[in-house]
Amino acid sequence: MKLIDPYVNLEKIDGIKMMKKIEKAGRTCYKSSVLSDNSYKKFISNIIGNGHESVLEHEKVTVVIGCDVGAYKDITRHRLASFSIESTRYCNYGKDKFGNELKFIRPCNIKEGTEEYKIWERTMLEIEKSYIELSNLGAKPDQLRMLLPHSTAAELVMTCNLREWRHVFKLRCSSHAHPSIRQFFIPLLLYFREVMPEVFNDVPYDEEFPKENYAKINLVEAE
Ligand SMILES: Cc1cc2nc3c(=O)[nH]c(=O)nc-3n(C[C@H](O)[C@H](O)[C@H](O)COP(=O)(O)OP(=O)(O)OC[C@H]3O[C@@H](n4cnc5c(N)ncnc54)[C@H](O)[C@@H]3O)c2cc1C
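Under the numbering used here, the first residue of the sequence shown is numbered 928, with each subsequent residue one higher.
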C-alpha cells in the first residue's frame, strides 16, 4: 500500500485582475465608474460589509484536491460548488495502471508510532490484501469499492465562485470541521488571502491547527 499526504494543485491566481473585474461588474448597480487603479479595494470591502455579496459570484476558481474519501464525502455536500471526482466505481486499483496497490491518505489525527497508528495501518493492509484477492478473482470495481475505507486517497476537481469559496472556508476552516479537511482548506484560504485580501481577510480559520499538518499548495502557471 502507498501512503500519501493530501495536496491542492491550482493555477496561480491573478487576484488583482479578478477583483478589478468584480468592481467593474458591481459598479453597474450604481452606474458609477472605476475611480482609480486601487478603487477596487474600497469597493469590495464595502460590498462585503453591506452583505451585497452576489457581486462576488462573477469570478470563480478551480482547484484539484487530493484527499481521503471521508473528506470528499463532506465537501461534496456544498451544492453551489461543482465537482468532478475520481470514481471508485470505474477505477480498479488492483490493476497495473494503479500499481496494483491501494493508496491511502496518511492520517493527520493519529500519530505515527502509536498503538492507534499500528491498528490503523494493520487494518489498511488487511483491506488492501482482500481488495487485491477479490480483484484477482475477477471482481469489478463496482464490487471492489465496497471494501474501501474513508482513508482511501482520491482526487477531485472543485470549482466555486468567490462568494461560495468564502462560505466553504467559513465552514471548513473552523475547529468544528474534520481535521483532514482543515488540513487542506486552511492553507488554501491563506493563499486566497494573500492574492485577494479584500475578499478573504475577514474569513476566520482555526489558528490553533498545527502548521506542520498543512497540505502542500502547488501553484502552476496559468495556461
Ligand atoms: C462541522 C460540520 C458538521 C456537519 N455535520 C453533518 C452531519 O452530521 N450530517 C449531515 O447530513 N451534514 C453535516 N454537515 C453538512 C452540512 O449540513 C451542509 O450540508 C454542508 O456544510 C453544506 O453547507 P451549506 O448547505 O451551507 O452550503 P452549500 O450547499 O454550499 O450552499 C451555500 C448556501 O446556499 C444556500 N442554499 C443552498 N441550497 C439551499 C436550499 N436548498 N435552500 C435554501 N438555501 C440553500 C444556503 O444559504 C447555503 O448556506 C456538517 C457540516 C459541517 C461544517
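For every residue, glycine included, the Cβ atom is placed at its ideal position computed from N, Cα and C.
Please read these numbers as outputs of a predicted model, since none were measured by experiment.
- As the crow flies, the alpha-carbon of ASN977 is around 13 Å from that of VAL1126.
- Annotation note: the region 981 to 1028 contains the following uninterrupted beta strand (DSSP E) runs of length 3 or greater, listed N- to C-terminal: 987 to 995, 1009 to 1012.
- Closer than 8 Å to some heavy atom of ligand 1: that describes the Cβ of LEU1007.
- In this structure, the C-beta of ASP1129 stays at least 8 Å away from each heavy atom of ligand 1.
- Going by DSSP, ALA1142 is part of no alpha helix (DSSP H) at all; its letter is neither H nor E.
- Look at VAL1084 here: in three-state DSSP terms it is strand.
- Here DSSP, grouped into helix, strand and coil, assigns LYS929 to strand.
- Between CYS1100 and HIS1005, the C-beta gap is not smaller than 9 Å, which leaves the two residues out of contact.
- Between the alpha carbons of TYR1141 and PHE1111 lies a gap of roughly 6 Å.
- Counting the other CB atoms within 10 Å of its CB gives ALA998 a total of 16 or more, which places it among the buried residues.
- Apart from the 5 residues on each side of it in sequence, ALA952 sits with its Cβ closer than 7 Å to the Cβ of VAL982, HIS985 in its chain, given in chain order.
- For ASN1128, same chain residues with a beta-carbon under 6 Å away, outside a window of 5 residues either side, are ARG1120 in chain order.
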